[in-house]
Every structure is written in C-alpha cells, then in structure tokens.
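Participant:
Chains as they are written, first to last, in the working numbering: chain A, 1 to 181; chain B, 1001 to 1428.
1) Check the Cβ of residue 178 of chain A against every Cβ in chain B and list those closer than 9 angstroms, keeping chain order.
2) CA-CA distance, residue 161 of chain A and residue 155 of chain A?
3) Which residues mark the beginning and the end of the beta strand (DSSP E) in which residue 1135 of chain B is found?
4) DSSP on residue 1110 of chain B, reduced to helix/strand/coil?
5) Can you give me, in chain order, the residues of the region 145 to 167 of chain A that have a beta carbon less than 9 angstroms from any beta carbon in chain B?
6) Helix or strand or just coil, what does DSSP make of residue 1309 of chain B?
7) Look up residue 1168 of chain B in the DSSP assignment and give the residues it is bridged to.
8) Report the rounded CA-to-CA distance for residue 1358 of chain B versus residue 168 of chain A, giving the unit in angstroms.
9) Are residue 1187 of chain B and residue 1165 of chain B closer than 9 angstroms when you measure CB to CB?
10) Using a beta-carbon distance cut-off of less than 8 angstroms, what residues from the region 113 to 144 of chain A approach chain B?
11) For residue 1400 of chain B, does the three-state DSSP call read helix, strand or coil?
12) Going along the region 69 to 82 of chain A in order, which residues come within less than 8 angstroms of chain B, judged by CB to CB distance?
13) Evaluate the contact criterion for the region 1111 to 1130 of chain B versus the region 1077 to 1085 of chain B: three or more CB pairs, one atom per stretch, below 8 angstroms.
14) If you compare alpha carbons, which of A/172, A/125 and A/144 is closest to residue 1243 of chain B?
15) Taking 9 angstroms as the CB-CB limit, is residue 32 of chain A close to chain B?
16) With a threshold of 16 other CB atoms inside 10 Å of the CB of residue 132 of chain A, please say whether the residue is buried or exposed.
17) For residue 78 of chain A versus residue 117 of chain A, is the C-beta distance shorter than 9 angstroms?
18) Any idea if residue 1411 of chain B is buried or exposed, counting beta-carbon neighbours within 10 angstroms, 16 or more meaning buried?
19) Counting only beta-carbon separations shorter than 9 angstroms, does residue 1326 of chain B have a partner in chain A?
20) Check whether the Cβ atoms of residue 1050 of chain B and residue 1077 of chain B sit closer than 9 angstroms, and answer yes or no.
21) Here's a check: name, in chain order, each residue in its chain whose Cβ is nearer than 8 angstroms to the Cβ of residue 1065 of chain B, leaving out the five neighbours to either side.
22) DSSP three-state label for residue 174 of chain A, please.
23) Return the chain-ordered list of same chain residues with a C-beta closer than 7 angstroms to the C-beta of residue 1195 of chain B, the five sequence neighbours on each side being excluded.
24) Please identify the residue among B/1073, B/1117 and B/1086 whose C-alpha is closest to the C-alpha of residue 1096 of chain B.
25) Excluding the 5 residues flanking residue 175 of chain A on each side, which residues of the same chain have their C-beta closer than 7 angstroms to its C-beta?
26) What is the DSSP secondary structure of residue 1425 of chain B, reduced to helix, strand or coil?
27) Count the other CB atoms within 10 Å of the CB of residue 53 of chain A; is the residue buried (16 or more) or exposed (fewer)?
28) Would residue 1238 of chain B count as contacting chain A if we go by Cβ distances under 9 angstroms?
29) In terms of alpha-carbon separation, which member of B/1206, B/1205, B/1207 and B/1225 lies closest to residue 1214 of chain B?
30) If residue 1376 of chain B and residue 1334 of chain B are in contact, beta carbons under 8 angstroms, what's the gap, nearest whole angstrom?
31) Mind checking residue 1309 of chain B: buried by the 16 CB within 10 Å criterion, or exposed?
32) Over the uninterrupted beta strand (DSSP E) stretch that includes residue 153 of chain A, give me the two end residues.
33) Helix, strand or coil, according to DSSP, for residue 1052 of chain B in the structure here?
34) I'd like to know if the region 95 to 109 of chain A and the region 1338 to 1354 of chain B are in contact, where contact means that at least 3 CB-CB pairs between them fall below 8 angstroms.
35) Quick one: list the residues of chain A neighbouring residue 1419 of chain B, beta-carbon separation under 9 angstroms, in chain order.
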C-alpha cells in the first residue's frame, strides 16, 4: 500500500516537472512570435495611448474651465459637527445661483466634506448633510432641483492634508462642481 | 485562503483518549480582571533528520501563536534544566516556573510530513493533549495553528481565534481598497482594485462573503463580494448614501444607512426580496447601526440631542433610548458576542479613545489612553478588539485584549486604516 502511494507521488512529480518544462517552452515560442509581429500592434498601442492622453487633456481642460467659471464662489464652509449654512456663506451661494441663472444649461454637483476630527462613518453622514443644506439653499434661490446633485466624501477628500485648525476649517466644506454643460 | 482551507481538510488527526479529563478544569480564567500570564515551556522538537530546521521552527511558531493571544509567557529556552531526551522530569519544569510544557516531534518521509504535539500539566505531572498531524511541508503552519487552538481549548475552555481574519479598508492617496488579513498579521489579501473609495467591509455570518460600500460607480453604493475574491454584485444604489452595516445572524439581512429620503435613516435590507424596512424616522443624522447578538435590539449613533451619541432601540425601531451621556462625541457602537457589553469610541481629553459599557450605558470603562484610537470590532469569541490606532500621524491596524491589555500592531505602512471588521470562525 505504502509502496504504491510512493510510486504515485513519484509519477505525479515527474508529470508536474514535465508540465512545467513544456509550459516554459510554449512561453518562449510565444515571445518569439510576438517579436516578429511587433510593428503594427505597437503603432496601434501608440495611437491608442495618444488618443487616451488627448481625451484626458480635454477632460481636464473642460474641468478647469468649469472650475474657473465659478472660481471664488465654489466653496462654502461649516463649523465643526454643524451643517447649517452660515451667514457668510450666503453671499457665495447667491453668486453661484446668479451664475446658474445666467447659464441655464449648467448643472451643479454639491460635494459635502468633513474634517478628520470626527469619526469616518459619522463624517459621511455629516458631509451628506452639508451637501444637502447647500443644495436646499440653492433651491431656495430658485435653482431647479433637477439641476443639483449631491454627494458626500466624508473626511476622505481633504482640501488641505494638514492636521491644524486652519486645515480642518478648510476641509469642512461644500464644494460646487459644474456639470452637464 | 483557498489553499489553507484545502489543507485543513487533508490533515489527518489522531486523537488520544487522554483528552477527556482536560475539559473539567479551566487553567486560565480569561474573564478574571487581572490576569497573570500563564507560563509555558516549549522544547525543541525531536526531528532525527532535520534539513529544514523543523526542530526549531515548530516550537518558535507555536510560541508566536500563543504570544499573540496575550495570555501566555513563553519561558526562555536558556532557563531549561531538563534537556534530556528520556522521560520528563516534571520537577525540573516546575522549578523554573513552568505550569505547562509542550514537547513534540517531526518526521519527514518522502513528501509526507507528520508532527506530534504533546501538552503536559507539569504541576500535576500529567498529559493533557496529544495530537498527531499528517500532511506535507506546506501544511506545517496549519499544524502548529491547530495545536495552538488545542492548547487554548484545554487551558481556557475556548479554542481561540487562530482561524479568523480581519477585513478593513486601506487608504492610499484619495482611494481605499478592501483587504483581509490573518489575525496574526500574515497573509494580507486585497479584495478590490477599483481605484475608488471602498469602505465599511462586513463579513457574512458564514465567513464566505463580505459586503461593503464603494464609490466605484460614482455614488456610494452597496456591494457584496466573495471573501476569497471574485466579481462583486451590486446590492443597493439608492441616490445618496448606501452605507453598509452588519449582517443578521441568519445571513438574510443587512443593516444599512440610506439618505434617499433627504436625511440619513437606518433600514433593515432583506437581501432575498430586496425590501428595505425603515427603522428610524428623525430629521437628525442616524448612522452606524449594529444588532445585539440575539437580534432583538439595535444600537446606533444619532445627533438628535445636538451631538453624536449612542442610542439603543428595539429591532423594529421602537423604544429608542439614549445610553451615552459622558462626553460630547460618542460613535461606532459594536455589541459584544456575549451581549453583555458595547464597545465604542468617544472623545476623551481631545482625542478618540475606545471604551466599553453595558447595554444600559453603565460600567463605563476606558480601554485606550494615548494617541487616537477608533473603529473597534470584536473577535468572534469576544476576547479581543481590533481597532485603528493613530499616533504621530501614523495609522496602524491593531488588536488588544478586551480588557485593554496586550496592545499589538497587526499591520502598518498604509496611509490610513479604516473600518476593521473581525471575521467569524473560518475553520481553516
């Protein structure tokens, strides 16, 4: 019985060695073939890469233009653990509403953010609240609900990665991003 | 993981009848408040032809596993008086302070590796457990792990958590992926590769699946994935937050936080029929729900009183009661497996610390004291707590015993560790 199982192991070993060897050979062959045909796929890849880079550049340019259009009134800030729109944020929201009224094709995504001092899951809820209270304020200024979307990133997208009061104050915000132009 | 489970099933076990009389006595009373470490000696294993260094590797690995439990003091080999290979001189072991002794042997025959482990009570001079494991060299870690479980069972009455893993979200830059890792910090496995924010992993009660929240499609949606990897399945993509909470013990439902109605509310999400049963109805933030182990109650976080505090309600959403009153920021409640405690994090002295209390809010005990400590998760036996500890801007995945002792780091080096979630027993 034992002899038989040893014999089996021996054959299994031989089989696995020979398999490994043949796979190695197959790989070599494949590489060679690739080398011979490399011209056209490489060019194709190059073209694809260029197209991709172009698309990314265009998207970045579009984003930058959209950001520039509302620069100066694309953030409002909140107190620690609070989501009420502060008096000093009202002016910013009014400017944004004016822009949206003048550009009826534009929509806005409101991104709610929190500082790192709270706990991560609670901060997701807090960020959502901040985004929604900003959205509600915009609706109060006459912007249609369907032009506004909200999302919370909690504490995971800090504007300032620092750990100071100043950094935290910047990170407790609602960030406005133009969409649908 | 896959390999390990397969290995477990091909190990062959021989049990000896002497096992029976070990269960009567508990050598280490885990629940005792001040627990001295249990002194145990592990000799080099007998291994006649030892090309791989098994005689040293086996006792070292066993010592590492036992140390991780926080309950053992491994006696230094240099102190050993009884170094003979003949019969055991028990007096020589009690003389150096040992209460238990492990001896063992390893045999290599072709591809077959077999190992013997023998646990003795040296004060009474008797054998407690003997095990023989047979497999291949690849199984040696599993063999040692199995015997470490046997030692825990014989000395504490419970088998320990050697067959468990911890899931967590690991952040790099703006994004985070879901990972799992062995309780001893080995075998880190990445489950997702979405280059998006993926958070809040929760093990299913059978340990086969992990549900989580991911921004991979833009919105924070709810997904489930096989714990060993594979494609994910979308469970819920309501507008707004779809935050993943724990599974019910029957594996049918998940507690989730949704903001589809304009503010965060808690729901029981039945995965079989897709229905969502709303538990809360309050204009404030309600988040971070967890069930009591018997499923009759739900603890959660709400800011309905003006600051984040922990509340308990019946599982149908009635009889809401606030249970934390000390401190102005208490979050992340997790009910202990035995039901007698709730662990959570609270702002204490300007930083988050981990505390436990009973389900009525009494017997408040602070477990951590330095740096920032948050996101606690119980081991399935309730003896340990996994959590995230941050000091000097460095985040680390850690565990400690449930009384706050034996702090140890499981993993470090990622930008940020979030939402550790301890698996049930995986039986590998």
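Ideal Cβ placement from N, Cα and C applies to all residues, glycine included.
Facilitator: A quick look at the data gives this:
1) Within 9 angstroms Cβ-Cβ: nothing; residue 178 of chain A doesn't reach chain B, min ~16 angstroms.
2) 10 angstroms
3) 1126 to 1135
4) coil
5) 149, 150, 151, 152, 153, 154, 156, 157 and 163
6) strand
7) B/1179
8) 34 angstroms
9) yes
10) 118, 119, 120, 121, 122, 124, 125, 126, 128, 129 and 132
11) strand
12) 81
13) no
14) A/125
15) Caution is warranted here: a pLDDT of 42 is assigned to residue 32 of chain A, below 50, making its placement in the model unreliable, and the coordinate value is therefore given only provisionally. Chain B contact via Cβ: absent.
16) buried
17) no
18) buried
19) no
20) no
21) 1144, 1145, 1148, 1162 and 1184
22) strand
23) 1175
24) B/1073
25) 74, 75, 111 and 113
26) coil
27) exposed
28) no
29) B/1225
30) 6 angstroms
31) buried
32) 148 to 154
33) coil
34) no
35) 120 and 121
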